[in-house]
Every structure is written in structure tokens, then in C-alpha cells.
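Just so you know, the protein sequences line up as chains A and B, in that order. Using full-length UniProt numbering, count along the first sequence one by one with no gaps and you end on 365. Using full-length UniProt numbering, count along the second sequence one by one with no gaps and you end on 365.
2 protein chains.
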Amino acid sequence: MTFSSVREGEASRVAGPDEGISLDELRLAARNHGMPLEALRYDLTPPGLHYVLVHYDIPFVDPDTYRLTVDGRVGTALEFDLASLRARPKVNLTVTLECAGNGRARLHPRPVSQPWLDEAVGTARWTGTPLVDLLAEAGVLEDAVDVAFTGLDHGTDRGVEQDYQRGLSLAAAVGRDVLVAYEMNGQPLPPQHGAPVRLIVPGWYGMASVKWLRRITVLDHEFTGFQNATAYRIKHDTGDDGEPVTRIRPRALVVPPGFPDFMTRRRIVDAGPVELFGRAWSGQGPVTRVEVSVDGGQTWANAALGKQAGKYAWRPWTFRWSAVPGEVEVLVRAADRHGVQPVEQPWNTQGMANNMAQRVSVTVR
Amino acid sequence: MTFSSVREGEASRVAGPDEGISLDELRLAARNHGMPLEALRYDLTPPGLHYVLVHYDIPFVDPDTYRLTVDGRVGTALEFDLASLRARPKVNLTVTLECAGNGRARLHPRPVSQPWLDEAVGTARWTGTPLVDLLAEAGVLEDAVDVAFTGLDHGTDRGVEQDYQRGLSLAAAVGRDVLVAYEMNGQPLPPQHGAPVRLIVPGWYGMASVKWLRRITVLDHEFTGFQNATAYRIKHDTGDDGEPVTRIRPRALVVPPGFPDFMTRRRIVDAGPVELFGRAWSGQGPVTRVEVSVDGGQTWANAALGKQAGKYAWRPWTFRWSAVPGEVEVLVRAADRHGVQPVEQPWNTQGMANNMAQRVSVTVR
């Protein structure tokens with residue numbers, strides 16, 4: 001088999017200094033959606049509130065004729081239908097997923113792509129069977145290097161026609177917690193989340209968890225398809241090959257307190273004690289600390305951390321704020337053992353793996 | 001009880017001639033979402049793909065302590081918990097809902113609000129109990145004029161603090177098909193669709209179907225709250241009182257053919273026979289005709305109409321297109337007994353009740 005090695009066709013675009021969101025970006029925003037932040041209240045994000053990013057169209061897949069192929073550098077190529085996947089050992093895993101482009105629309109200048117603000121996140125209980133067992137049954141050959149995952153979604157990006165396809169190193173692919181999943185919160189996968197079968201790579205940004213998974217191919221070389229070599233990279237200029245996007249960096253989000261103005265989303269809060277509640281997560285390991293600033297980032301105080309719902313799930317936190325009348329900017333940030341979220345976001349051309357501290361504008365009355 | 005009679009505080013805003021989508025509009029677009037048009041394939045829109053518009057925050061309502069009050073100009077004020085509503089006569093109704101602002105972001109100049117393109121629609125099977133029976137049980141007094149519906153969602157809009165509240169004439173409210181609904185597609189309502197109880201007013205734009213319904217109040221005067229008197233009106237200049245937004249105007253949408261480019265959403269189609277598929281609906285009565293143009297609107301031909309899934313549900317249609325290589329603009333439009341969708345949209349200041357014909361840009365190769 002061949003996998004085309006792709007460099008950029010057309011470069012990604014960066015918006016001009018005063019350029020508003022374009023029609024192209026709005027088209028993406030109208031299709032894909034974030035999690036309204038008040039849904040941070042739920043341990044498991046309810047149906048339809050989990051963030052969704054679909055690169056091309058949502059494929060219309062008949063579960064009765066669906067097949068998953070395992071091939072490439074294996075002893076025996078395998079094919080599974082949905083029933084045979086469901087009959088295999090079953091694992092449930094609660095996982096917080098975040099889009100690698102979360103925060104992109106807050107960058108200056110703004111990389112032109114799906115224009116996320118803060119909300120491209122969600123947590124679900126995924127049910128599936130370990131990928132490693134499928135690979136072991138097929139028999140991975142000794143020269144294996146990477147595993148390529150191919151979805152049923154098809155389109156073009158920067159002039160490159162493709163099925164959505166991502167590669168993962170063999171070492172990452174054989175982690176016990178990488179699932180070939182067919183249920184989300186105890187229900188068959190919804191169409192937009194990869195029905196009938198998708199990959200779940202816990203701890204990684206969402207691009208690794210290939211939806212509408214039709215083929216798993218073991219390679220004797222590094223996978224250099226578009227989504228690995230071009231799209232999901234942290235680049236500092238357009239000539240830069242960049243670094244791959246991998247694990248989710250730490251982030252905390254707060255349920256915006258009080259109530260909103262319809263158009264500006266500015267919050268109105270009554271003076272007095274306010275219990276701030278939020279969640280924090282990291283794909284790099286446990287969240288070790290959440291900090292809150294109620295003075296625009298001048299001073300910070302620790303939030304109280306609750307119990308993390310699972311190794312890959314977000315962690316609840318609370319903070320008691322004594323709100324006094326005035327205009328306030330609330331900031332929150334999380335830390336893991338690698339460090340704390342930045343208050344000023346380092347920039348990259350494609351707006352990937354941003355994790356700038358959230359800011360919420362509040363009028364206390 | 002008092003219901004404040006509201007005129008505009010601050011006027012709604014219209015974007016400048018070259019003004020891109022603002023951060024305010026993007027914040028709304030990131031929370032609220034349309035139905036990706038490939039989901040037109042489904043008779044009933046799957047969970048999470050139905051359009052959502054939430055004015056303020058999604059309330060967090062405990063179904064165990066939830067209560068619905070019926071009061072005002074009635075003989076006996078009533079209170080219902082969720083179990084008592086569920087114990088009442090049950091009606092299932094398949095309803096296509098559309099946001100009154102659908103198409104707003106396509107207007108020139110663009111009214112600044114939730115920036116919908118074409119996709120603010122969805123169809124669900126709603127289960128509930130007829131409103132008219134609750135009103136009859138309470139005993140509507142002879143001086144009744146309007147019925148006000150109050151939600152649990154709270155915020156400000158143009159300086160006016162409010163619970164979301166809409167009024168309906170008594171004549172419209174006692175229609176047999178107006179439901180107090182507690183299930184969507186056989187499941188309890190999801191949070192963003194009004195859990196645990198909402199109103200469904202079939203045939204009307206979505207603003208009438210009040211979510212998180214907590215109170216039904218019979219009035220002896222016309223309801224003049226913000227959402228009726230100010231927000232949902234078709235106005236031609238800011239001094240204009242305007243006409244109320246009521247029933248859904250006819251609209252047809254097509255599943256965009258072929259496959260998309262990620263960023264531009266331009267479609268790529270192979271030359272040859274292409275089966276176009278879509279849906280059409282009207283809240284004013286049956287869809288009588290769907291027309292397709294494959295030459296940018298110069299000529300139109302009739303699509304074949306399928307069976308409408310219910311009195312208030314969309315109607316499927318198909319059209320066989322012989323695609324020849326080149327750049328093509330496909331347009332579709334529906335008609336009901338009142339007329340056909342416009343190709344050029346008449347403008348109004350708030351971008352309400354637009355139903356301009358859909359245009360899809362296609363490269364045939």
C-alpha cells in the first residue's frame with residue numbers, strides 16, 4: 001500500500017490585524033460547536049454538548065455493512081464487523097477530549113481555521129475494546145514503526161484530497177488505554193462522534209482519536225500523511241516543519257458566574273460570596289494545582305481541588321470569591337508537573353495547542 | 001402580577017459594510033450551533049445535530065424539585081411536578097423547528113446577533129401533553145387575551161434584565177397541537193433543549209417554543225415583554241415597531257453534493273448523474289413545490305417530492321442532476337400556498353424570518 005508523503009500545498013492563512021472573522025471561519029463555527037461552559041457542571045458532558053470538530057462531512061455509515069480492516073505489517077490481516085468488535089473484551093474509560101485548535105481565535109494575529117475560543121472540550125465515558133489486542137491478534141511484524149488510522153470522511157485541505165488519516169507511533173498505539181470505541185455514555189456513537197466505530201487515544205488532543213474508523217494499517221516507516229506532517233503541527237513560520245501536536249496541555253475553565261448579557265456574554269454578578277466552580281485537565285498527567293485571579297491576573301490564589309473522575313478525566317475545583325461591586329476580570333489557570341498555563345499565549349502559525357488562561361469579564365453589582 | 005412593557009433599551013446593531021464577524025457574534029456561534037446539512041439525510045435529527053439557540057445560560061434544573069405553575073386569569077391556579085405532567089394524556093408529534101434568525105449572517109448589511117447561515121433547523125419527535133388541557137383544567141376566565149410563558153433562563157438583552165418570556169394569543173395557545181413537552185426522540189429532554197419541560201408550538205419559529213418552562217400565565221391584556229415587543233419583530237428601520245415574527249416561512253435545503261474542502265466548504269463533485277437530496281418545510285401549511293437551479297438561478301426545474309413525515313415535519317425531495325465539468329452554483333427553493341422563497345432576500349434590521357433560497361458552490365470535475 002502507499003501513503004502519500006505530503007508537504008503543504010497551499011499554506012495556512014493568518015488573518016490581517018483588523019480582520020474580523022471571515023465567512024469561511026463562520027461556516028465552520030456554524031457546523032462545529034464547543035461545549036457551553038455552564039456544562040462544566042456535569043461530570044459527563046450530556047449528549048449534544050460535547051465539542052465536535054468534523055473536518056469534512058459526517059459520513060452516513062450503515063452499521064450492518066460496516067467493516068474495520070487491520071492490515072499492513074502484520075502476520076494476518078483481519079476484518080471485523082460491528083458485532084465481532086462488540087463481542088471482544090469490553091473496556092469503559094472516562095476521557096476528557098479537547099480540540100488542538102482550542103483558543104485559536106484568541107490569538108493575534110488569528111490563524112484562519114476553525115475559530116475556537118475556550119470551549120472545544122468535553123468528557124465522555126467511552127466503551128470499546130483495546131486496540132493492542134487487535135494488533136496482537138493480527139501479529140505485528142518486527143519492522144513495525146507507526147500505525148496509520150483511516151476514517152471514512154473524505155475531502156480536500158489546502159489542495160490535498162484525502163480520507164482523514166492519522167499516524168501514531170507503535171509505542172503509543174499499544175498503550176493499554178487506546179480504545180476502538182463503539183459507545184459514548186452507554187449509547188451507540190452519535191453520527192458526529194464517529195458512528196459506528198472510532199479510535200480513542202486518551203490524553204491526546206482530539207485529532208488522534210480518528211472517527212468513522214475503517215482501517216488500521218501497521219507501517220514499517222514513519223507516517224507522513226497530511227494530518228501529521230502538515231495540519232497538526234506547531235510551527236512558528238510557514239517554512240518551519242514544526243513540532244507535532246501530541247498530548248493535551250493543562251487547562252482550567254470556570255463556569256461563568258452570575259448571568260450573561262445575550263450579545264456580549266458579559267457576566268453580571270451580585271456582590272457577596274460567590275462560589276466559583278470549574279474543571280481542569282491535562283493529558284500530560286494529573287492536574288496538581290488550579291489558581292484563580294479576581295483582579296485581572298495581578299494576584300492568584302489556589303482553588304480547592306476535587307477528586308478526578310479518572311486518569312484521563314477532568315478534575316473539579318471550587319473557589320470562594322467575595323465579590324465587591326465594580327468591573328472585574330476573573331482568570332483561572334491549571335498546572336501539571338510540567339508547568340502552569342500561560343497568561344499571554346505564545347503564538348504559532350496554525351494556532352495549535354494553545355492553553356492560555358481563561359478570562360471572564362464580570363460586572364459585580 | 002406585573003409584566004413590564006418594554007420598548008428598546010439599546011437598539012440592535014447592524015454591521016458596517018466591510019465588517020467581518022465580531023467576537024461577540026463568534027461567542028454566540030461557538031455556543032449555539034446549526035445542523036450540519038448532511039444531517040438532512042435523517043428523518044429525525046440525531047441527538048446533538050438539531051440546531052440549538054440558547055439566549056442566556058442553559059439552566060441547571062433538578063427534575064425532582066421542578067414545578068410548573070399555571071396562573072393568572074384562571075379559575076384555579078395549578079402546579080405540576082414532572083411526574084404529574086407525565087401521568088397526563090400523552091401526545092407524540094414530529095416537528096421541524098427553525099430559528100427565526102436563520103440566514104441572518106447572509107444579509108447585507110448584516111444585523112449583529114447570532115450569525116446563522118442556512119443551518120438553524122432540525123426535526124424531532126416531541127412527547128408531551130396538550131397545553132389546552134392544562135388551561136381547561138385551570139379554567140380560563142372570559143377576559144383572557146394572551147398567555148405568557150416564562151422560562152428558567154435569565155439574563156440581559158439591550159439593557160433589559162429578564163427571564164426569557166414569550167406571549168402567545170389565546171387563540172394560538174389553545175391549538176390542539178401545542179404541547180408541554182418532556183421528551184425529545186423518546187428520551188428526556190437534553191439540557192440545551194429545555195430539560196425537564198418546554199413548550200412546543202408547531203409551525204412557529206423556535207422563539208415561541210419556550211424552554212425550561214416554569215410558568216404559564218393567562219393575561220387579560222396583550223403581552224408586551226421584550227421578546228415579543230422588541231426582539232422577535234420584523235422591522236425596517238430602528239424607529240419602526242415592526243411586525244411580529246410568527247410562523248415559519250417555506251424553505252428548502254439540499255445535502256451539499258460530493259465532498260467538501262475543509263476551509264472553504266466548497267464542494268467537489270464528479271461529472272455524471274448526481275442524485276440531489278434535501279428537505280423542505282413551511283409552518284404556513286404543506287410544501288407544494290421544490291425547485292432546483294443548477295445554473296445559478298437562471299432556470300429552475302421541479303424536484304420530486306416525497307411523503308411528509310407529519311403535518312409539521314419537513315418533506316423529503318430528490319432531483320436528478322447531470323453534472324458537467326465546470327463551476328456551478330446550485331440553488332434550491334420551496335413554495336407553499338403563500339408563495340415561493342425569494343432568491344434575493346428582503347432586508348430587515350434584526351434579520352428575522354429570512355428564507356432566501358440556498359446557494360451551494362460546486363466544482364464539477
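Ideal placement from N, C-alpha and C gives every residue a C-beta, glycine not left out.
Terminal residues of the beta strand (DSSP E) in which residue i lies
i, result
"Ala280/B", "272 to 281"
"Ser209/A", "Neither: Ser209/A is in no beta strand (DSSP E) and is coded neither H nor E."
"Thr69/B", "68 to 72"
"Pro286/B", "Looking at the DSSP string, Pro286/B is not in any beta strand (DSSP E), and its letter there is neither H nor E."
"Thr363/B", "358 to 364"
"Ala252/A", "251 to 254"
"Val269/A", "267 to 269"
Proximal chain A residues relative to residue i, where beta-carbon distance stays under 8 Å
i, result
"Phe60/B", "Glu38, Arg41"
Inter-residue spacing [alpha-carbon to alpha-carbon] between residue i and residue j
i, j, result
"Ala252/B", "Arg104/B", "16 Å"
"Ser5/B", "Arg158/B", "Note on Ser5/B: pLDDT 36, under 50, position unreliable in the model; the coordinate value appears next. The straight-line gap from Cα to Cα measures roughly 14 Å."
"Gly16/A", "Pro111/A", "9 Å"
"His236/B", "Ser12/B", "12 Å"
"Arg41/A", "Val330/A", "18 Å"
"Arg31/B", "Met263/A", "12 Å"
"Thr363/A", "Asp57/A", "41 Å"
"Asn348/A", "Ala229/A", "16 Å"
"Gly20/A", "Arg233/B", "27 Å"
"Glu327/B", "Asp270/B", "12 Å"
"Pro59/A", "Asp153/A", "6 Å"
"Gly351/B", "Arg86/A", "49 Å"
"Asp163/A", "Arg214/A", "10 Å"
"Asp81/B", "Asp62/B", "11 Å"
"Val294/A", "Val360/A", "10 Å"
"Pro36/A", "Val254/A", "11 Å"
"Lys90/B", "Leu131/B", "11 Å"
"Ala39/A", "Phe277/A", "11 Å"
"Pro46/B", "Pro190/A", "7 Å"
"Val201/B", "Val245/B", "13 Å"
"Leu120/B", "Glu222/A", "In the sequence under discussion, the amino acid at residue 120/B is Ala, which differs from the Leu named in the question. Going from the Cα of Ala120/B to the Cα of Glu222/A covers about 43 Å."
"Gln192/B", "Ala353/A", "28 Å"
"Thr2/B", "Val332/B", "Residue confidence for Thr2/B is low, a pLDDT of 35 falling below 50, so the modelled location carries little weight; the figure read from the coordinates is stated next. The alpha-carbon atoms of Thr2/B and Val332/B are separated by roughly 46 Å."
"Asp71/A", "Arg176/A", "20 Å"
"Arg125/A", "Pro188/A", "12 Å"
"Glu8/B", "Ala313/A", "Reliability fails at Glu8/B, whose pLDDT of 43 lies under 50, so the model's placement of it is uncertain and the value that follows must be treated cautiously. Rounded to the nearest angstrom, the two C-alpha atoms are 45 Å apart."
Residue closest to residue i, alpha-carbon to alpha-carbon, out of the options
i, options, result
"Gly306/A", "Val245/A, Pro286/A, Ala323/A", "Pro286/A"
"Val145/A", "Val160/A, Val95/A, Val218/A, Ala181/A", "Val218/A"
"Glu275/A", "Ala323/A, Asp71/A, Gly122/A", "Ala323/A"
"Arg73/B", "Gly239/B, Pro346/B, Ala280/B, Val140/B", "Val140/B"
"Val180/A", "Leu170/A, Phe149/A, Glu161/A, Pro346/A", "Phe149/A"
"Glu161/A", "Trp281/B, Arg106/B, Arg267/B, Ser169/B", "Arg267/B"
"Arg249/B", "Ala301/B, Leu117/B, Gly339/B", "Gly339/B"
"Gly101/B", "Thr94/B, Pro115/B, His108/B", "Pro115/B"
"Trp317/A", "Gly283/A, Thr288/A, Gln341/A", "Thr288/A"
"Thr123/B", "Thr96/B, Arg106/B, Thr129/B", "Thr96/B"
"Pro257/B", "Trp321/B, Met356/B, Ile216/B, Met207/B", "Trp321/B"
"Gly310/B", "Leu44/B, His33/B, Val14/B, Asp18/B", "Leu44/B"
"Ala208/B", "Ala172/B, Arg166/B, Val197/B", "Arg166/B"
"Ala304/B", "Val292/B, His50/B, Tyr312/B, Val178/B", "Val292/B"
Interface residues of chain B facing residue i [CB-CB closer than 9 Å]
i, result
"Asp24/A", "Met263, Thr264, Arg265"
"Ser361/A", "By Cβ distance, chain B contributes nothing, its closest Cβ being about 11 Å from Ser361/A, past 9 Å."
Under 7 Å by beta carbon: chain B residues contacting residue i
i, result
"Phe259/A", "Tyr56, Asp57, His154, Gly155"
The alpha helix (DSSP H) enclosing residue i, as first and last residue numbers
i, result
"Glu327/A", "Looking at the DSSP string, Glu327/A is not in any alpha helix (DSSP H); the run it does join, the beta strand (DSSP E), is 326 to 336."
"Ala171/B", "170 to 173"
Beta-carbon neighbours of residue i, restricted to chain A and to distances below 7 Å
i, result
"Arg27/B", "Leu117, Arg265"
Proximal chain A residues relative to residue i, where beta-carbon distance stays under 9 Å
i, result
"Gln345/B", "Within 9 Å Cβ-Cβ: nothing; Gln345/B doesn't reach chain A, min ~16 Å."
"Pro47/B", "Pro47, Gly48, Gln187, Pro190"
"Glu19/B", "Gly20"
"Ile268/B", "Gly155, Thr156, Glu161"
"Ala208/B", "Chain A residues near Ala208/B: none, gap ~18 Å exceeds 9 Å."
Chain-ordered chain B contacts of residue i [CB-CB under 8 Å]
i, result
"Gly34/A", "Ala30, Arg31"
*What alpha helix (DSSP H) runs, 4 residues minimum, are completely inside the segment 6 to 66 of chain B?*
23 to 31
*asked:* Ignoring anything shorter than 4 residues, give me the alpha helix (DSSP H) runs that lie fully in the segment 79 to 164 of chain B, in order along the chain.
replied: 82 to 86, 131 to 138
_Segments of 3+ residues assigned as beta strand (DSSP E) that fall wholly inside the segment 180 to 225 of chain B_ = 198 to 200, 213 to 219
*At what residue ranges does the segment 297 to 325 of chain A contain a whole run of the alpha helix (DSSP H), taking only runs of 4 or more?*
none
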